[in-house]
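Enquirer:
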Amino acid sequence: MKSVKILFIEDDDLLRSLFSEALTLDTERAYTILSALDLKSGKAILQSTQPDIIVLDLILPYDKAANQNDLSEKMGLNLLREIKQDSRLKSVPVIIFSNLGDESIKKETLKSGATEHLMKSETTPEKFLEIIKRLLQ
Amino acid sequence: MRQPIPPESLRFIRHQLKGPVTVIHGYLSFWQTDAYKKFSPEKQREFILKAFEATENLDKMINELSA
Numbered sequence: 001m002k003s004v005k006i007l008f009i010e011d012d013d014l015l016r017s018l019f020s021e022a023l024t025l026d027t028e029r030a031y032t033i034l035s036a037l038d039l040k041s042g043k044a045i046l047q048s049t050q051p052d053i054i055v056l057d058l059i060l061p062y063d064k065a066a067n068q069n070d071l072s073e074k075m076g077l078n079l080l081r082e083i084k085q086d087s088r089l090k091s092v093p094v095i096i097f098s099n100l101g102d103e104s105i106k107k108e109t110l111k112s113g114a115t116e117h118l119m120k121s122e123t124t125p126e127k128f129l130e131i132i133k134r135l136l137q
Numbered sequence: 001m002r003q004p005i006p007p008e009s010l011r012f013i014r015h016q017l018k019g020p021v022t023v024i025h026g027y028l029s030f031w032q033t034d035a036y037k038k039f040s041p042e043k044q045r046e047f048i049l050k051a052f053e054a055t056e057n058l059d060k061m062i063n064e065l066s067a
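Quick mapping for you: the protein sequence lines, in order, are chains W and V.
So in my numbering, the last spot in the first sequence is 137, and the numbers never skip.
So in my numbering, the last spot in the second sequence is 67, and the numbers never skip.
1) From the DSSP output, in three-state form, read off Ser98 (chain W) for me.
2) Can you pull the chain V residues whose beta carbon is under 9 Å from the beta carbon of Ile54 (chain W), in chain order?
3) Under 8 Å Cβ-Cβ, which residues of chain V neighbour Lys120 (chain W)?
4) May I have the straight-line CA-CA distance separating Pro51 (chain W) from Leu65 (chain V), to the nearest angstrom?
5) Below 9 Å on C-beta distance, what does Glu126 (chain W) contact in chain V?
6) Using a Cβ-Cβ distance cut-off of 8 Å, determine whether Glu69 (chain V) contacts chain W.
7) By Cβ distance, which residues of its chain are closer than 7 Å to Leu77 (chain W), with the 5 residues on each side in sequence left out?
8) If we cut at 8 Å on Cβ distances, does Leu18 (chain W) have a partner in chain V?
9) Who are the neighbours of Glu53 (chain V) on chain W, taking C-beta pairs under 7 Å?
10) Below 8 Å on C-beta distance, what does Lys38 (chain V) contact in chain W?
11) If you draw a straight line from the C-alpha of Leu49 (chain V) to the C-alpha of Leu25 (chain W), how long is it?
12) With contact counted as at least three CB pairs below 8 Å, one residue from each stretch, are the region 9–17 of chain W and the region 6–16 of chain V in contact?
13) Which stretch, first to last residue, makes up the beta strand (DSSP E) that contains Leu7 (chain W)?
14) Could you check whether the Cβ of Ile6 (chain W) sits closer than 8 Å to any Cβ belonging to chain V?
Written out as structure tokens, the structure is:
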């Protein structure tokens, strides 16, 4: 069985848990899910790890532990740009996974290097798994 | 008379409300497609409890909006 590392940067535990469960339905791969609840911990994980895919929410707090909970869509977008400018990480596919789906923000994320921009509310867990499998092929 | 909600706030509220709706819809979709059968009974129960938790979160958010 192939081993795959997914970094999920998502502040909603229930959402992260739901879509992580979908990955257990893959009979060909074993997934390790690395979870980051905020931008700061996402960056910390990326400093020491090279995931196979990054799933990134757009509206994120900077540092939940320090109570820096102000949500901003710029957080996810800025991190996407940092990843795409990092020579070690730029080839890692980034799925923007958000409930912000207006055309202007989609255009912005795709222009900034996102591989996919998925609307959470339009993505069932099984569809999510199909997209992950396609990106891993 | 109540002031209309600014479009940017509406966009944010819509985004926040969609979170729990996505969770409820997502777990229910396992039953819609019969994928739930691939999970253990314990997992299935966990999914129902998580969907239930999401309904409570949604209710809390709606109450905060109308406060």
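We put the beta carbon where it would ideally sit given N, CA and C, even for glycine.
Expert: In short:
1) On the first sequence, residue 98 (chain W) is found 98 positions in, with the first residue counted as 1. Three-state DSSP puts Ser98 (chain W) in a strand.
2) Stepping through the first sequence from its first residue, residue 54 (chain W) is reached at position 54. Here the premise fails: no neighbours, minimum Cβ distance about 19 Å.
3) One-based indexing of the first sequence puts residue 120 (chain W) at position 120. By Cβ distance, chain V contributes Lys18, Gly19 and Thr22.
4) As a first step, residue 51 (chain W) is located in the first sequence; it is residue number 51 there, counting from the start. As a first step, residue 65 (chain V) is located in the second sequence; it is residue number 65 there, counting from the start. Cα-Cα distance, rounded: 38 Å.
5) In the first sequence, residue 126 (chain W) corresponds to position 126, counting from 1. Ser29, Phe30, Thr33 and Ala35, listed in chain order.
6) It is not possible to answer for residue 69 (chain V), since the shown part of chain V is limited to 1 through 67.
7) As a working note, residue 77 (chain W) is residue 77 in the first sequence. Leu58, Glu108, Thr109 and Ser112.
8) Here residue 18 (chain W) corresponds to residue number 18 of the first sequence, with the count starting at 1. With 8 Å as the cut-off, Leu18 (chain W) counts as an interface residue toward chain V.
9) Here residue 53 (chain V) refers to the residue found at position 53 of the second sequence. Result: Leu14.
10) Sequence index remark: in the second sequence, residue 38 (chain V) carries index 38 (1-based). Listed along chain W are Leu25, each with a C-beta nearer than 8 Å to that of Lys38 (chain V).
11) Taking the first residue of the second sequence as 1, we reach residue 49 (chain V) at position 49. Taking the first residue of the first sequence as 1, we reach residue 25 (chain W) at position 25. Near 20 Å, if we compare the C-alpha coordinates of Leu25 (chain W) and Leu49 (chain V).
12) Too few Cβ pairs lie closer than 8 Å, so no.
13) The residue given as residue 7 (chain W) occupies position 7 in the first sequence. Start and end: Lys2 to Ile9.
14) Here residue 6 (chain W) refers to the residue found at position 6 of the first sequence. When Cβ-Cβ separations below 8 Å define contact, Ile6 (chain W) makes no contact with chain V.
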